[in-house]
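**Q**
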Amino acid sequence: MEKLVIEGGKRLQGRVAASGSKNAALPILAACLLAEGTSVIRNVPRLSDVEILLAILRELGCRVERRADGAVEIEVKDESNSTASYELVTKMRASVCVLGPLIGRRRTARVSMPGGCVIGVRPIDLHEKGLSALGARMSLDHGYLVAEVPPGGLQGTDVFLGGAFGSSVTGTTNVLAAAVYANGTTVIESAACEPEVVDLADMLVRMGAKIEGIGSPRLTIEGVKTLKGVEHTIIPDRIEAGTFLAGAAITRGDVTVTGCRPDHLRAATHTLREMGMHLEIGKDTIRAKHPETPLKPVDLTTLVYPGFPTDLQAQFMAALCVADGISVVTEKIYPDRFMHVPELLRMGAELRKTGSTVVVHGVPHLVGAPVRASDLRASAALILAGCAAWGDTEVHEIHHVDRGYERIEEKLNGLGAGIQRVK
Ligand code: EPZ
Numbered sequence: 158m159e160k161l162v163i164e165g166g167k168r169l170q171g172r173v174a175a176s177g178s179k180n181a182a183l184p185i186l187a188a189c190l191l192a193e194g195t196s197v198i199r200n201v202p203r204l205s206d207v208e209i210l211l212a213i214l215r216e217l218g219c220r221v222e223r224r225a226d227g228a229v230e231i232e233v234k235d236e237s238n239s240t241a242s243y244e245l246v247t248k249m250r251a252s253v254c255v256l257g258p259l260i261g262r263r264r265t266a267r268v269s270m271p272g273g274c275v276i277g278v279r280p281i282d283l284h285e286k287g288l289s290a291l292g293a294r295m296s297l298d299h300g301y302l303v304a305e306v307p308p309g310g311l312q313g314t315d316v317f318l319g320g321a322f323g324s325s326v327t328g329t330t331n332v333l334a335a336a337v338y339a340n341g342t343t344v345i346e347s348a349a350c351e352p353e354v355v356d357l358a359d360m361l362v363r364m365g366a367k368i369e370g371i372g373s374p375r376l377t378i379e380g381v382k383t384l385k386g387v388e389h390t391i392i393p394d395r396i397e398a399g400t401f402l403a404g405a406a407i408t409r410g411d412v413t414v415t416g417c418r419p420d421h422l423r424a425a426t427h428t429l430r431e432m433g434m435h436l437e438i439g440k441d442t443i444r445a446k447h448p449e450t451p452l453k454p455v456d457l458t459t460l461v462y463p464g465f466p467t468d469l470q471a472q473f474m475a476a477l478c479v480a481d482g483i484s485v486v487t488e489k490i491y492p493d494r495f496m497h498v499p500e501l502l503r504m505g506a507e508l509r510k511t512g513s514t515v516v517v518h519g520v521p522h523l524v525g526a527p528v529r530a531s532d533l534r535a536s537a538a539l540i541l542a543g544c545a546a547w548g549d550t551e552v553h554e555i556h557h558v559d560r561g562y563e564r565i566e567e568k569l570n571g572l573g574a575g576i577q578r579v580k
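Counting from 158, one number per residue, gives the positions in the sequence shown under this note's numbering.
1. Between R262 and L210, is the Cβ-Cβ spacing less than 8 Å?
2. Less than 8 Å between the beta carbons of E488 and T459, yes or no?
3. Should Y338 be counted as a contact of the ligand EPZ given a C-beta to heavy atom distance under 7 Å?
4. In this structure, how does DSSP classify S196 when only helix, strand and coil are distinguished?
5. Below 8 Å on the Cβ atoms is my guess for M158 versus E554; work out the distance and round it to an integer in Å.
6. Apart from the five residues just before and just after V479, which ones in its own chain have a Cβ nearer than 8 Å to its Cβ?
7. Quick check: is any heavy atom of the ligand EPZ less than 7 Å from the C-beta of Y243?
8. Based on the DSSP output, what are the partners of V517 in its beta bridges?
9. Please state whether DSSP places N340 in a helix, a strand or coil.
10. Under 7 Å from any heavy atom of the ligand EPZ, does the C-beta of F280 make it?
11. Could you tell me which of G512, L469, R564 sits nearest to R534, measuring between CA atoms?
12. Pick out the complete alpha helix (DSSP H) segments inside the region 176-260, 4 residues or longer, and give them in chain order.
13. Do V326 and the ligand EPZ come close, with the Cβ less than 7 Å from some heavy atom?
14. Please confirm if the region 308-318 is in contact with the region 343-355, defined as three or more CB-CB distances below 8 Å between the two stretches.
15. For P202, which residues of its own chain have a beta-carbon under 7 Å away from its beta-carbon, when the five flanking residues on both sides are left out?
16. Let me check understanding here. Comparing Cα to Cα, which of D481, V387, G310, A424 lies closest to V381?
17. Of all the options E164, T426, A266, which has the alpha carbon lying nearest to the alpha carbon of R444?
18. Give the DSSP-derived three-state secondary structure of K167 in the structure shown.
19. Q170: which of T413, A336, P308, Y338 sits nearest, CA to CA?
20. Is the Cβ-Cβ distance between L513 and P492 less than 8 Å?
21. State the beta-bridge partners of F317 as determined by DSSP.
22. I'd like to know whether the C-beta atoms of V552 and S536 end up nearer to each other than 8 Å.
23. CA-CA distance, K440 and R418?
24. State the Cα-Cα distance for the pair M434 and I231, rounded to the nearest angstrom.
25. Taking C-alpha atoms, which residue in D359, T400, G548, L214 lies nearest to D235?
26. Return the residue from the list L457, G561, G464 that minimises the CA-CA distance to A475.
27. Check for me: the beta strand (DSSP E) holding G575 runs from which residue to which?
28. If contact is defined by three or more beta carbon pairs under 8 Å, each pair taking one atom from either stretch, is the region 276-289 in contact with the region 357-373?
29. Is it true that the CB of V233 sits closer than 8 Å to the CB of V253?
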C-alpha cells in the first residue's frame, strides 16, 4: 500500500496546468465503440480509471494504443465479444459507460453491474429506463446487466431522465450513445448538462450524429446509419482545476491554473469570491489569491450543473474548516458523500453532520494527523488539508486519488507543497 507524507504549513503558490477531464474521457473513449475506422482522442489524462476503461475496450475487440504524443488511438477491429467482464468493471464503476455504445452499435451487451462505492449505492435505474424506452430488453443475469435489441433495432422515442437528483450524467451519456443509431427521433428530457456530456455530444456530431440542444436539458437526436472515427481533444478537467483553486484558499496561497475552461467553473469561482479570495480570470486561466485576511464562511449546496459540483464539495469543505465563522455545506447529489468528515475531525476541524448537511465551525488552523483516503475527492481534500495543517500528515490508501488525479503530488510540489509518496 502506498501513502503520501505531507509536510504542513505550506502555501501553494505558482502556476499549474489542468489535465484532460477524467469524466469526459470515460464516456468519450467508450463512444469510440460506435465509430467505423480509427478515432484519435487527445488530452486523455493518464489515470488508473482511464487505463481500466482502455482494457475493457480491448476486451471488446478494439485496437487501443497510447501514442508517444499522449493521444489514444482506438479502432474497432472485432465486434464479436460484447461482454465487459466482472474483473474489470468492478475495478471502476464508470465502466458502465460502455453500455450505451454497445447497445447502440452492436445491439447486444453484457456488462457486469457496477459495484457501489463509498459515496453511495450508485443505482443505474435511469440508465435502464432510458435504454429500455429505446427498445433494449434489459435483464440481470448473475450480476451481469444483459441487453438485447430486437432485430428492427432501437426505436427513437421520448425519454425522461429526471430522477430524484435532477438528472444523471452517465445515464445521459449512455442513452445518448445508444440513440444516435436508433430509428427515428429521440428526445431526452431532463438530460444532464454537465460539460462532460457536451464534450461527448460535440464529438458524436463530428462523427456524423445528428444532435440538437447540446448543453440544454433537452437533447433531440435523429438516428443515423453510421458514424466515422474522428480526432477529438478532451476538455480540461474542471474538478482538478477547482481542487487546485481550493488548495490556494486553504493554504493562504496564490495559484494560477492554466489550460482550463473558466466557463465550466463559474459556481466554484463565485464561491471562492464569496469566501474572500481574489480571482483573476483569463481566457483559459484562473488565478486565486488569498486575501491575507481570514476566509469568510459561506453556505454551499451541491447541485447538478451549472450548480456547485458535488465533486468539489469535500475540497471546499476543507477550506471552510479554516474560515472565520460558520459555514453550512449541503450535499444534494450524494447525501452520504461525507467520508472526509471523520478524517477532517482528526485534523482538528469542528464539523457537525446532520443528515446530508454539515455545519462547519471555522478554526484558526488544522493539525496534521495520519488519515485514510476513501473516495477520490475526499482524498484530494485531505491532501490539501495536509498541506495547510500544522505538522505532518500521512494520507493512507492513496490509490483512490490516483484514479482521478494525474501525478497529484508532482503538481502540488510544483506549487511549493512538501509531499512524498512512500511505499
Ligand atoms: C458522474 O457520475 C461522475 N462520474 C461523478 O464523478 C459525479 O460525482 C457525478 O456524475 C455527479 O456529477 C463520471 O462521470 C464517470 P449521476 P454518475 O448518474 O454519472 C443518482 C468523480 O469523483 N442516480 O449523475 O454515476 C445517483 O445515485 C465521480 O469523478 C440514480 O438515482 O452520477 C446520484 O445520487 C464521483 N439513478 C445522482 O443520481 C441512476 O440511474 C447523480 O448521479 C443514476 C444516478
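All C-beta atoms, glycine included, are put in the ideal place defined by N, C-alpha and C.
**A** To lay it out plainly:
1. Within the sequence shown, residue 262 is the residue found at index 105, counting from 1. Within the sequence shown, residue 210 is the residue found at index 53, counting from 1. It is not a contact, given that the beta carbons lie outside the stated cut-off.
2. To locate residue 488, count along the sequence shown from 1; it is residue 331. To locate residue 459, count along the sequence shown from 1; it is residue 302. Yes. Within cutoff.
3. The residue labelled residue 338 in the question sits at position 181 within the sequence shown. Not under cutoff, so the answer is no.
4. Numbered from its first residue, the sequence shown carries residue 196 at position 39. DSSP places S196 in strand when its eight states are reduced to three.
5. Locating residue 158 in the sequence shown gives position 1, counting from the first residue. Locating residue 554 in the sequence shown gives position 397, counting from the first residue. Yes, they are in contact, since the Cβ atoms of M158 and E554 sit about 7 Å apart, within 8 Å.
6. For this step, residue 479 is matched to residue 322 along the sequence shown. If we look at V479 and ignore the five residues flanking it on each side, its Cβ neighbours are I407, P451, L452, G519, V520, P521, H522, L523, A545.
7. Counted from its first residue, the sequence shown places residue 243 at position 86. No - the ligand EPZ has no heavy atom lying nearer than 7 Å to the Cβ of Y243.
8. Translated into the one-based positions of the sequence shown, residue 517 becomes position 360. Answer by DSSP bridge pairing, in chain order: S484, L508.
9. Mapped onto the sequence shown, residue 340 falls at position 183. Looking at N340 - three-state DSSP - the assignment turns out to be strand.
10. For the purposes of this step, residue 280 is taken as the residue at position 123 of the sequence shown. The amino acid occupying residue 280 in the given sequence is Pro; Phe does not appear at that position. Flag set: Cβ of P280 near the ligand EPZ.
11. As a first step, residue 534 must be located in the sequence shown, where it is residue number 377. Looking at the Cα atoms, L469 is the closest of the given residues.
12. 179-188, 205-216, 243-246
13. Start at 1 with the first residue of the sequence shown, and residue 326 comes out as number 169. Answer for V326: yes, Cβ within range of the ligand EPZ.
14. yes
15. For the purposes of this step, residue 202 is taken as the residue at position 45 of the sequence shown. Hits under 7 Å: S176, G177, K179, A182, D394, E563.
16. Taking the first residue of the sequence shown as position 1, residue 381 is located at position 224. It is G310.
17. For the purposes of this step, residue 444 is taken as the residue at position 287 of the sequence shown. Of E164, T426, A266, the residue nearest in Cα terms is T426.
18. Position 10 of the sequence shown holds residue 167. Correct three-state label for K167: coil.
19. Sequence index remark: in the sequence shown, residue 170 carries index 13 (1-based). That would be T413, whose Cα lies nearest to the Cα of Q170.
20. Within the sequence shown, residue 513 is the residue found at index 356, counting from 1. Within the sequence shown, residue 492 is the residue found at index 335, counting from 1. It is Ser, not Leu, that sits at residue 513 in the sequence shown. In this structure, P492 lies closer than 8 Å to S513 by Cβ.
21. Taking the sequence shown and counting its residues from 1, the one referred to as residue 317 is at position 160. Partner(s): E346.
22. For the purposes of this step, residue 552 is taken as residue 395 along the sequence shown, with counting starting at 1. For the purposes of this step, residue 536 is taken as residue 379 along the sequence shown, with counting starting at 1. In contact: V552 and S536 (Cβ atoms closer than 8 Å).
23. Residue numbering aside, residue 440 sits at position 283 when the sequence shown is read from its first letter. Residue numbering aside, residue 418 sits at position 261 when the sequence shown is read from its first letter. Straight-line Cα distance between these residues: approximately 8 Å.
24. Walking along the sequence shown from the start, residue 434 turns up at place 277. Walking along the sequence shown from the start, residue 231 turns up at place 74. About 43 Å.
25. Here residue 235 corresponds to residue number 78 of the sequence shown, with the count starting at 1. It is L214 whose Cα lies nearest to the Cα of D235.
26. Reading the sequence shown from its first residue, position 318 is the one you call residue 475. Ranking the options by Cα distance to A475, first place goes to L457.
27. Taking the sequence shown and counting its residues from 1, the one referred to as residue 575 is at position 418. Where G575 is concerned, the enclosing beta strand (DSSP E) stretches over 575-579.
28. no
29. Along the sequence shown, one-based indexing puts residue 253 at 96. Along the sequence shown, one-based indexing puts residue 233 at 76. No.
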